[in-house]
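Position 1 (the sequence shown) corresponds to 1 in the working numbering; numbering is contiguous. This report concerns only the one structure given below.
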Amino acid sequence: MTRARAMMAPALGCALVVLALGMASLQAQGQAVSNAPVIDGDPANPPMKLGREEVVAIISSEVQLAPGIGLRNLRLGEPLQQVLDRLGPPSRIEKTGLFKHWSTLHYTLDSGAELAVIGRKSVERIQVRGNSSQLVRTVQGARFGMEPPLIRRIYREPSRTRSDRMEYTHLGIDFEFESDRVAQIELYPRKR
Numbered sequence: 001m002t003r004a005r006a007m008m009a010p011a012l013g014c015a016l017v018v019l020a021l022g023m024a025s026l027q028a029q030g031q032a033v034s035n036a037p038v039i040d041g042d043p044a045n046p047p048m049k050l051g052r053e054e055v056v057a058i059i060s061s062e063v064q065l066a067p068g069i070g071l072r073n074l075r076l077g078e079p080l081q082q083v084l085d086r087l088g089p090p091s092r093i094e095k096t097g098l099f100k101h102w103s104t105l106h107y108t109l110d111s112g113a114e115l116a117v118i119g120r121k122s123v124e125r126i127q128v129r130g131n132s133s134q135l136v137r138t139v140q141g142a143r144f145g146m147e148p149p150l151i152r153r154i155y156r157e158p159s160r161t162r163s164d165r166m167e168y169t170h171l172g173i174d175f176e177f178e179s180d181r182v183a184q185i186e187l188y189p190r191k192r
């Protein structure tokens, strides 16, 4: 580790330091990671080794949620028909509202997370539900399984708080909690 990295380590936080050091090690050596965990603690199974390409593939397959905007290939304000054309038929469609004007298109992402696209004629809300094992995060770094104090640290004070929900209407993002952990992230247009 260089002297500059050693001096910056306390300010970055453990998770970032581990990721930065791991990536630097992979780049410097161009070799597989040798300290990968043993599956189920079974010594008969050799440790899984991830090469640089596998690490990059995992990081690039991560779903990033942009508050007030949407996902990589799904945007707030986009016509629902375009969503259907691009993503294909959903696993189910719900019609709600007094005159059944609202549609909710339900999809399951490759990561296993559940995606709900909600709107009348265009995408007005996007809900993503999952758990901490899924590769889903906001562009600011919030992810499933985080506790409310960590969400506050990232996004500061919410516009509104309930026992199981933190709403950031000025950013266009809400976090819903189950057992004091993020279980659902909802995106919508920013409210000024």
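All C-beta atoms in this analysis are idealised placements derived from N, C-alpha and C, irrespective of residue type, glycine included. Computed from a prediction, not measured in an experiment: that's the story for all the values here.
- Message: Can you check which of these residues, 90, 77 and 185, is closest to residue 139 by C-alpha distance?
- Response: Minimum Cα distance to residue 139 is reached at 185.
- Query: residue 130: buried (16+ other C-beta within 10 angstroms of its C-beta) or exposed?
  - Reply: buried
- Message: Since residue 113 and residue 63 should fall inside the 8 angstroms C-beta cutoff, what is the C-beta to C-beta distance between them, to a whole number of angstroms?
- Response: 7 angstroms
- Length of the line joining the Cα atoms of residue 100 and residue 120: If you take the alpha carbons of residue 100 and residue 120, they lie about 9 angstroms apart.
- Just the C-alpha distance for residue 190 and residue 174, rounded to the nearest angstrom, thanks. Distance between the alpha carbons of residue 190 and residue 174 is about 11 angstroms.
- Query: Taking C-alpha atoms, which residue in 74, 125, 109 and 116 lies nearest to residue 136?
  - Reply: 109
- Same chain, Cβ closer than 8 angstroms to residue 68, neighbours up to 5 away in sequence not counted: 76, 171, 172, 173, 187, 188, 189 and 190
- Query: Using the C-alpha atoms, what's the distance from residue 159 back to residue 152?
  - Reply: 11 angstroms
- Message: By alpha-carbon positions, which one of 71, 96 and 107 ends up nearest to residue 88?
- Response: 107
- Could you give the DSSP three-state label for residue 93: helix, strand or coil? strand
- Message: Within 10 Å of its beta-carbon, does residue 143 have 16 or more other beta-carbons around it, so buried, or fewer, so exposed?
- Response: buried
- Message: Assuming contact is defined by CB atoms lying nearer than 8 angstroms, are residue 65 and residue 123 in contact in what I supplied?
- Response: no
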